[in-house]
Amino acid sequence: MRVSLSSGQYVTAAGAVRARAATVHPMTSYSGPATLILTDGARVAGMATLKTNERGDLKGWTGSFRPDQASTEVRNASDGLRLELPYEEIGEVDVTGVRRLLATQVLMSLVGKGPAPF
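For the sequence shown, this note's numbering assigns the number 26 to the initial residue and increments by one for each residue that follows.
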């Protein structure tokens, strides 16, 4: 018989107090608002969907970015960019492809460089 304690511990049938093992799950994906920072410092608001590479390598990550406004500068952006998530978490990204969604919208494929910002 186990009796649980509120502090992450439990009491065994023999009366010994044991601690529960903590399980840490790093965040492996993000989907939500983001800001793409172009090489000239221009900031482009939009939505990002990001994930770490398989096997949980937090330094390898990819995803997509859909800007709210798709200007020529955004369509031509390629490398040396930064992606800022809420709470000012920033990751470096390169654009690997740009696909037109509608007449005024594009979807940018991204590959992250360095640690994931999520």
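Idealized CB from N, CA, C, for every residue including glycine.
Check: Roughly how many whole angstroms lie between the Cα atoms of residue 85 and residue 136?
Finding: Numbered from its first residue, the sequence shown carries residue 85 at position 60. Numbered from its first residue, the sequence shown carries residue 136 at position 111. The alpha-carbon atoms of residue 85 and residue 136 are separated by roughly 8 Å.
Note to self: Tell me which residues share the same chain as residue 130 and place their Cβ nearer than 7 Å to its Cβ, disregarding the 5 neighbours each side in the sequence.
What the structure shows: Counted from its first residue, the sequence shown places residue 130 at position 105. Closer than 7 Å at the Cβ level, and outside the excluded window around residue 130, lie 91, 95.
Next item on the list: Check each candidate in 109, 41, 68, 97 and name the one with the smallest Cα separation from residue 57.
Entry: Translated into the one-based positions of the sequence shown, residue 57 becomes position 32. When only C-alpha atoms are compared, the closest one is 109.
Next item on the list: Give the straight-line distance between the Cα atoms of residue 119 and residue 99, rounded to the nearest whole angstrom.
Entry: Position 94 of the sequence shown, counted from the first residue, corresponds to residue 119. Position 74 of the sequence shown, counted from the first residue, corresponds to residue 99. Cα to Cα, residue 119 sits roughly 12 Å from residue 99.
Checklist line | Distance, residue 65 Cα to residue 50 Cα | finding: As a working note, residue 50 is residue 25 in the sequence shown. As a working note, residue 65 is residue 40 in the sequence shown. With a pLDDT of only 48 at residue 50, under 50, the local geometry of the prediction cannot be trusted, and the value read off the model is given with reservation. Cα to Cα, residue 50 sits roughly 36 Å from residue 65.
Note to self: Could you compute how far the alpha carbon of residue 69 sits from the alpha carbon of residue 93?
What the structure shows: Numbered from 1 along the sequence shown, position 44 holds the residue referred to as residue 69. Numbered from 1 along the sequence shown, position 68 holds the residue referred to as residue 93. Approximately 8 Å between the Cα atoms of the pair.
Check: Cα-Cα, which of 123, 76, 124 is closest to residue 141?
Finding: One-based indexing of the sequence shown puts residue 141 at position 116. Checking every option, the nearest Cα to that of residue 141 belongs to 76.
Next item on the list: Give the straight-line distance between the Cα atoms of residue 73 and residue 89, rounded to the nearest whole angstrom.
Entry: Locating residue 73 in the sequence shown gives position 48, where the first residue counts as 1. Locating residue 89 in the sequence shown gives position 64, where the first residue counts as 1. So the alpha carbons of these two residues sit roughly 6 Å apart.
Checklist line | Simplified DSSP state of residue 77, which is helix, strand or coil | finding: Here residue 77 corresponds to residue number 52 of the sequence shown, with the count starting at 1. Residue 77 falls in the strand class under three-state DSSP.
Notebook entry, point to check: Is it right to say residue 55 is buried, meaning 16 or more other beta carbons lie within 10 angstroms of its own, or is it exposed?
Noted result: Stepping through the sequence shown from its first residue, residue 55 is reached at position 30. By the neighbour-count rule (16 or more Cβ atoms within 10 Å), residue 55 is buried.
Note to self: Using the three-state DSSP reduction, which class does residue 47 fall into: helix, strand or coil?
What the structure shows: For the purposes of this step, residue 47 is taken as the residue at position 22 of the sequence shown. Confidence at residue 47 is low in this model, with a pLDDT of 44, below 50, so its placement is unreliable and the value that follows should be read with caution. Residue 47: coil per DSSP, three-state reduction.
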